[in-house]
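First residue of the sequence shown: 164, per this note's numbering; consecutive thereafter. Beta carbons are placed, not taken as given, at the ideal position from N, Cα and C, and that holds for glycine. Here the structure is a predicted model, which is why all the values come from computation and not from measurement. Working notes, beginning with the structure itself.
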Amino acid sequence: SAHTDDLLQPPPGPAALLLSSLAPLPSAVPLAPTAAHAAAQTDTIREYTRPAKTANSEYNDRSVEAPVSWLIVEDHRLEACNAAGKCVTYSSHPILRINGEGRTALAHSLDTWSKQEAQDAKKGFDFTYECKKGDLKRGFLKETAYFDYSVIAKWGRVDEHMISFCLFGISYAGGAHPMHGKGGMTFDAKTGKEVGLAAIVSNRETLLQALAAAFRTQYPNREEELFAYDIDKQLERIHPAEKGLDTFSWYMGTRGELVFLYSPYALAPYASGDFTLTIKREDAPELFTKAYPLK
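And the structure:
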């Protein structure tokens, strides 16, 4: 799954893991009487798969279609509806698969990834569904559907060597506002294996310096908003040395740049929003290894 340590969300659903969903079920059938569903025997579910949207589509709960014809993107959606047909809870997660023959290793990895998202989404759906039923009993938010979904929000580098993209996840289980966050995912297009940050950057110290410089350039005069009031200290706090490069959420952009994603609460309070820090190769040539060079 994508690295999502920065996303603060209790249940391990698609928004929490930025990946998600559920194994195929018949549409419009009674919900099984599990712990989460026992209080709602009259509720039914609809389950279906939708094609990805075009980049200029107005829908924000749909993944963006891939920039290459050999990669297919779909969104698998599950809805719980009450006896009146009103949606009370829904979840969705992206599915990636190869179009055509070949690319066997990558096809297997994408299938494994999609199945993991299905399991995570089931957990997220159960959590939000249970929260919704509890709030309904107490008379809260009767007209508001709870949700937990993730989408592929933006594509980075996609070619014969690498597939890299940004996921957006959001969850609402009651309260003042939803919780949301972004995460990156990168595959080696030939082997199908996930690409670790250690293959791309030279070392942690150089990376932290480049991130601090990127923050000061891209978000000038905003260090006082940070929990530590200093970007160097804040980065050291959330990326401790003993964790190496395992705490970073990132993807590679279309020009080979590295894009690092910080969800609300990672660097600053929720009111400050999220932060996206981009490091271009020309700005930090000492940071990038020789792996996955651009043509």
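ask   = For Trp276, which three-state DSSP category applies?
value = helix
ask   = How would you call Asp289, buried or exposed, if buried means at least 16 neighbouring beta carbons within 10 angstroms?
value = buried
query = Among the residues of its own chain, which have a CB less than 7 Å from the CB of Gly263, if the five just before and after it don't count?
reply = Trp233
task = Pull up the CB-CB distance for Ser313 and Leu330, whole angstroms please, since I reckon it's below 8 Å.
result = 5 Å
query = Helix, strand or coil: how does DSSP classify Ile258 here?
reply = strand
request  = Could you name the residues of the same chain whose beta carbon sits closer than 6 Å to that of Asp446, not counting the 5 residues immediately before and after it, in chain order?
outcome  = Within the same chain, Asp446 has no close Cβ partners at all.
request  = Spatial neighbours of His402 within its chain, please: CB distance less than 6 Å, with the 5 preceding and 5 following residues excluded, ordered by chain position.
outcome  = Thr410
query = Excluding five sequence neighbours on each side, which residues of the same chain lie with their C-beta closer than 6 Å to the C-beta of Pro456?
reply = none
task = Could you tell me which of Pro432, Ser412, Ser426, Lys396 sits nearest to Phe328, measuring between CA atoms?
result = For the options Pro432, Ser412, Ser426, Lys396, the alpha carbon positioned closest to that of Phe328 is the one of Ser412.
Span separating the alpha-carbon of Asn366 from that of Leu398 = 15 Å
ask   = Between the C-alpha atoms of Ala270 and Ile261, what's the straight-line distance to the nearest angstrom?
value = 6 Å
request  = Report the rounded CA-to-CA distance for Thr452 versus Ala361, giving the unit in angstroms.
outcome  = 9 Å
request  = Starting from Phe390, trace the beta strand (DSSP E) both ways and give me its first and last residue.
outcome  = It is not in any beta strand (DSSP E) - Phe390 carries neither H nor E in the DSSP assignment.
message = Under DSSP, the alpha helix (DSSP H) around Thr369 begins and ends at which residues?
response = From DSSP, the alpha helix (DSSP H) with Thr369 extends over 367-381.
task = Locate the beta strand (DSSP E) running through Pro214, then write down its first and last residues.
result = 207-214
key: Cβ separation of Met415 and Met325, assumed to be a contact under 8 Å, to the nearest whole Å   = 6 Å
task = Let me know the beta strand (DSSP E) ranges lying completely inside the stretch 419-450, each 3 residues or longer, listed in chain order.
result = Whole beta strand (DSSP E) segments, 3+ residues: 421-425, 438-442.
task = For the beta strand (DSSP E) containing Leu330, list its first residue and its last residue.
result = 325-335
task = Starting from His239, trace the beta strand (DSSP E) both ways and give me its first and last residue.
result = 234-244
task = Sort out for me which residues DSSP pairs Lys345 with in a bridge.
result = Phe331
key: Check whether Tyr292 and Gly337 have beta carbons under 8 Å apart   = no
task = Mind checking who Glu357 pairs with in its DSSP beta bridge?
result = In DSSP, Glu357 forms a bridge with Phe350.
query = What's the C-alpha gap between His340 and Tyr392?
reply = 25 Å
query = Along the chain, where does the beta strand (DSSP E) that runs through Ile363 open and close?
reply = No beta strand (DSSP E) holds Ile363; DSSP gives it neither H nor E.
Rounded separation between Lys286 and Glu449 - CA only = 42 Å
ask   = So Val227 is in the beta strand (DSSP E); what residue range does that whole segment cover?
value = Looking at the DSSP string, Val227 is not in any beta strand (DSSP E), and its letter there is neither H nor E.
query = In the structure shown, what three-state DSSP assignment does Thr291 receive?
reply = helix
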